[in-house]
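Peer 1:
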Amino acid sequence: MTAGSAGRARELARTALAWVDAHRDRFALDDDALAVDGQVNRSWKPLGELAQVCATVTARTAPPDPLHLRAADLLDHAWRQTGEGELFRRMQTLEPFATYPLEVYAAFASAGYRHPGYERAAAVVARTRGWRLTEQYPTRRLGVLNAERRSGIRPHERTPRALDRTWLGGLPEPWTFERASGYALTHVVFHLTDWGRTPDGVPARLADYLRHWLPPWLDTYLDARMWDLGCELLAVAASLPRPPAPHLLADAWERLAAARRPSGALPEEGGPDGAWPGATGEEFADCYHSTLMALFAAVLTLARPVHDGAPHHAAPSLTAVPGGYGGQGALG
Numbered sequence: 001m002t003a004g005s006a007g008r009a010r011e012l013a014r015t016a017l018a019w020v021d022a023h024r025d026r027f028a029l030d031d032d033a034l035a036v037d038g039q040v041n042r043s044w045k046p047l048g049e050l051a052q053v054c055a056t057v058t059a060r061t062a063p064p065d066p067l068h069l070r071a072a073d074l075l076d077h078a079w080r081q082t083g084e085g086e087l088f089r090r091m092q093t094l095e096p097f098a099t100y101p102l103e104v105y106a107a108f109a110s111a112g113y114r115h116p117g118y119e120r121a122a123a124v125v126a127r128t129r130g131w132r133l134t135e136q137y138p139t140r141r142l143g144v145l146n147a148e149r150r151s152g153i154r155p156h157e158r159t160p161r162a163l164d165r166t167w168l169g170g171l172p173e174p175w176t177f178e179r180a181s182g183y184a185l186t187h188v189v190f191h192l193t194d195w196g197r198t199p200d201g202v203p204a205r206l207a208d209y210l211r212h213w214l215p216p217w218l219d220t221y222l223d224a225r226m227w228d229l230g231c232e233l234l235a236v237a238a239s240l241p242r243p244p245a246p247h248l249l250a251d252a253w254e255r256l257a258a259a260r261r262p263s264g265a266l267p268e269e270g271g272p273d274g275a276w277p278g279a280t281g282e283e284f285a286d287c288y289h290s291t292l293m294a295l296f297a298a299v300l301t302l303a304r305p306v307h308d309g310a311p312h313h314a315a316p317s318l319t320a321v322p323g324g325y326g327g328q329g330a331l332g
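Each residue of the sequence shown is one higher than the one before, counting from 1 in the UniProt record's numbering.
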């Protein structure tokens, strides 16, 4: 990235993490977390996303960095919410074939937080036919395979086989890209790269395809003021073995910074004070995921060289039609 973009990304990372830290209590688990009819998307999902993003921040920043120190403290806070892993063991008893506890646990495991008792119990279930035959979207299956690896469990399927069944794995016509496929695509890359840590995990044919088409897709969705998906696409760009030319992405950081609310939160869609059809009117619910994704994308981008060395060429022209529904699994 360019030096100017690096400064803007650093500022966005700082304000996003400060907002998340100020709202750390909103990520706390309550009694609903173990309820039979509990709302997973309101309990485990936010906590898992907090853990995953903070795990990446600590992995991609140096210990003296204030971003690293604050993210590490938030990771400790999130781990305590799980009873230092004990709640995962209890969830294993209540819902042995649910995959979301393992997906959330894997985010902690990637940062060194482990609960041997839970891992032993999860490994037993993962050896069953019932676990292997659970019907899932292909992108979710990739996430489960990555969660198994992170948790010390032998993956129940080969990654290339699962990848071939995803939208991205088929290298579809670029004009068919829309919101639902966009969220699926970003999570395929996150799972292949262990959430931005191993760019070489993206096969060359997919990396070339993404490097060519990410810039126009990103422009389209930022024009539509879909900041959440825009952040995820920027995170994908920073996760590729060879990111797109820096000048093709530079304007995106300016647009994201301008979309922030005075509090530092980034709304999922619309303007800083605007609403959209899915808005609740409550800042945490409307902004926590997109603010985490802004932090995620910024830190991954800052971890790459300031000048990538990629040849500068014009981005291809493409008109994409926003639409569909986003969200992928426990850490979507």
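Note that beta-carbon positions come from the ideal geometry of N, C-alpha and C, so glycine has one too.
Because the structure is a prediction, the values reported are computed rather than measured.
For Thr198, count the other beta carbons within 10 Å of its own beta carbon; 16 or more makes it buried, fewer makes it exposed. Which is it?
Peer 2: Exposed: under 16 other Cβ atoms inside 10 Å.
Peer 1: Which residue marks the beginning of the alpha helix (DSSP H) containing Ala18, and which one marks its end?
Peer 2: Ala18 -> alpha helix (DSSP H) spans Ala3 to Ala22.
Peer 1: Let me make sure I understand the geometry here. Which of Phe284, Leu302, Ala297 and His191 has the alpha-carbon closest to that of Trp19?
Peer 2: Answer by Cα proximity: Phe284.
Peer 1: Go through its chain and collect everything with a Cβ distance to Leu145's Cβ below 8 Å, but skip five positions before and after it.
Peer 2: Around Leu145: Pro155, His156, Glu157, Thr159, Ala162 and His191.
Peer 1: Using the rule of at least 16 other Cβ atoms within 10 Å of the residue's Cβ for burial, across every protein chain shown, is Thr280 buried or exposed?
Peer 2: Exposed, since its Cβ has fewer than 16 Cβ neighbours within 10 Å.
Peer 1: Under the rule that 16 or more other beta-carbon atoms within 10 Å means buried, what is Gly309, buried or exposed?
Peer 2: Its pLDDT being 41, under 50, Gly309 is placed unreliably in this model, and the coordinates cannot settle the point.
Peer 1: Apply the 10 Å Cβ neighbour rule to Leu302 and answer buried if 16 or more other Cβ atoms are within range, or exposed otherwise.
Peer 2: The residue in question, Leu302, is buried, as its Cβ has 16 or more Cβ neighbours within 10 Å.
Peer 1: Apart from the five residues on each side of it in sequence, which residues of its chain come closer than 8 Å, Cβ to Cβ, to Trp131?
Peer 2: The residues are Phe97, Val125 and His156.
Peer 1: With a threshold of 16 other CB atoms inside 10 Å of the CB of residue 334, please say whether the residue is buried or exposed.
Peer 2: Absent from the model: residue 334. The displayed extent of the chain is 1 to 332, so no value can be given.
Peer 1: Among the candidates Leu256, Tyr105, Asp208 and Tyr209, whose CA atom is the shortest distance from the CA of Ala224?
Peer 2: When each option's Cα is compared against that of Ala224, the closest is Leu256.
Peer 1: Keeping to the same chain, check which residues put their C-beta closer than 6 Å to that of Thr139; ignore five residues upstream and five downstream.
Peer 2: Within the same chain, Thr139 has close Cβ partners Thr166, Ala184, His187, Val188 and Gln328.
Peer 1: I'd like to check one pair, Ala294 with Leu249: are the Cβ atoms closer than 7 Å?
Peer 2: Cβ distance not < 7 Å, so Leu249 and Ala294 don't count as in contact.
Peer 1: Would you call Trp175 buried or exposed, if buried means 16 or more other Cβ atoms sit within 10 Å of its Cβ?
Peer 2: By the neighbour-count rule (16 or more Cβ atoms within 10 Å), Trp175 is not buried but exposed.
Peer 1: Does the Cβ-Cβ distance between Phe1 and Pro216 come in under 7 Å?
Peer 2: Residue identity differs from the one stated: residue 1 is Met in this sequence, not Phe. Going by C-beta atoms, Met1 is not nearer than 7 Å to Pro216.
Peer 1: Quick check: Leu102 and Ala122, are their CB atoms within less than 7 Å of each other?
Peer 2: It is a contact, given that the beta carbons lie within the stated cut-off.
Peer 1: Would you kindly check if the distance between the Cβ of Leu210 and the Cβ of Leu233 is under 7 Å?
Peer 2: Not in contact: Leu233 and Leu210 (Cβ atoms no closer than 7 Å).
Peer 1: In terms of residues, what are the limits of the alpha helix (DSSP H) holding Gly130?
Peer 2: First-last of the alpha helix (DSSP H) with Gly130: Arg129 to Arg132.
Peer 1: Out of Glu119, Asp73, Arg70 and Leu74, point me to the one whose CA is closest to Thr93's CA.
Peer 2: Comparing Cα positions, the closest option is Glu119.
Peer 1: Roughly how many whole angstroms lie between the Cα atoms of Leu292 and Gly7?
Peer 2: C-alpha separation (whole angstroms): 18 Å.
Peer 1: DSSP three-state label for His247, please.
Peer 2: Note: His247 maps to helix in three-state DSSP.
Peer 1: For Ala207 versus Pro241, is the C-beta spacing smaller than 7 Å?
Peer 2: Contact flag set, yes.
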